[in-house]
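Here is the structure we will look at, set down as structure tokens.
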Amino acid sequence: QQQVKQSPQSLIVQKGGISIINCAYENTAFDYFPWYQQFPGKGPALLIAIRPDVSEKKEGRFTISFNKSAKQFSLHIMDSQPGDSATYFCAASMVQAGTALIFGKGTTLSVSS
Amino acid sequence: EAQVTQNPRYLITVTGKKLTVTCSQNMNHEYMSWYRQDPGLGLRQIYYSMNVEVTDKGDVPEGYKVSRKEKRNFPLILESPSPNQTSLYFCASSFGVPSSEQYFGPGTRLTVT
Numbered sequence: 141q142q143q144v145k146q147s148p149q150s151l152i153v154q155k156g157g158i159s160i161i162n163c164a165y166e167n168t169a170f171d172y173f174p175w176y177q178q179f180p181g182k183g184p185a186l187l188i189a190i191r192p193d194v195s196e197k198k199e200g201r202f203t204i205s206f207n208k209s210a211k212q213f214s215l216h217i218m219d220s221q222p223g224d225s226a227t228y229f230c231a232a233s234m235v236q237a238g239t240a241l242i243f244g245k246g247t248t249l250s251v252s253s
Numbered sequence: 004e005a006q007v008t009q010n011p012r013y014l015i016t017v018t019g020k021k022l023t024v025t026c027s028q029n030m031n032h033e034y035m036s037w038y039r040q041d042p043g044l045g046l047r048q049i050y051y052s053m054n055v056e057v058t059d060k061g062d063v064p065e066g067y068k069v070s071r072k073e074k075r076n077f078p079l080i081l082e083s084p085s086p087n088q089t090s091l092y093f094c095a096s097s098f099g100v101p102s103s104e105q106y107f108g109p110g111t112r113l114t115v116t
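Chains as they are written, first to last, in this note's numbering: chain A, 141 to 253; chain B, 4 to 116.
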């Protein structure tokens, strides 16, 4: 019940296309859902995050869509660029309970030019 | 510059030879943790520390030790490394609760032969 399931494992998108990465969770007590971006040779860094009281959050070309009833959330990258090529991790946690982040297994995105 | 530093960045060692990976942060964060990253398994938490002298096990603590004698430092100790501990290790820190934004170090690639 503590797992966060992420798909796909890898993704190849043409430059200018839309990249979509999906995550699903079981624990309805999760109340914080961040996405981390990791470039080769670097540590992950927070990209964007959402709380369950909103269904969508947008920052530039990056959007999180959140479906509370389906217990799913997804990252959409609009107008994907070669510089977006990285590994993306979704995560979930219970802020009120002060629990650690539970990470998905990651998605390696390659944007071809 | 606010950052998390890790040393060494790369390490090749032999089975059974004790080693320490250092981690230091200059952001006055209370919470620090260690993760290992393996292909197809994502980021898994090894140990964490809520503050000085307070440490606890994460999801995969076997074969590892940690200490938190100073707020800024959180070393990871492998008393008797084994080949299954070959991995990419990340130290992370955050202000307050562990579910807040995690700042990751650059990683340490460990190979145990």
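Heads up, the beta-carbon is just placed ideally off N, CA and C, and yes, glycines get one too.
Give, in chain order, every unbroken run of the beta strand (DSSP E) that is at least 3 residues long and sits entirely within the region 41 to 106 of chain B.
45 to 54, 57 to 60, 79 to 81, 90 to 97
If the cut-off is 7 Å on Cβ atoms, which residues from the region 89 to 114 of chain B count as contacting chain A, listed in chain order?
93, 100, 101, 102, 104, 105, 107, 108, 109, 110
At least one CB of chain D closer than 8 Å to the CB of residue 200 of chain A: is that the case?
Reference to chain D is not applicable here, since the protein chains of this structure are A and B.
Quick check: what's the CA-CA separation for residue 206 of chain A versus residue 237 of chain A?
21 Å
Within 8 Å of any Cβ in chain A, is that where the Cβ of residue 6 of chain B sits?
It does not; no Cβ of chain A falls within 8 Å.
Measuring alpha carbon to alpha carbon, tell me which of B:116, B:115, B:102 ends up nearest residue 170 of chain A.
Just measuring C-alpha positions, the residue of B:116, B:115, B:102 sitting nearest residue 170 of chain A is B:102.
Within 8 Å, strictly: CB atoms of residue 109 of chain B and residue 182 of chain A:
For residue 109 of chain B and residue 182 of chain A, yes; Cβs fall inside 8 Å.
Beta-carbon of residue 14 of chain B versus every beta-carbon of chain A: anything under 8 Å?
no
Terminal residues of the beta strand (DSSP E) in which residue 216 of chain A lies
212 to 217
If you follow the beta strand (DSSP E) that residue 8 of chain B is part of, which residue opens it and which one closes it?
Counting along the chain, the beta strand (DSSP E) containing residue 8 of chain B begins and ends at 7 to 10.
Distance check for residue 64 of chain B and residue 27 of chain B, CA to CA, integer angstroms please.
Approximately 20 Å, taken between the alpha carbons.
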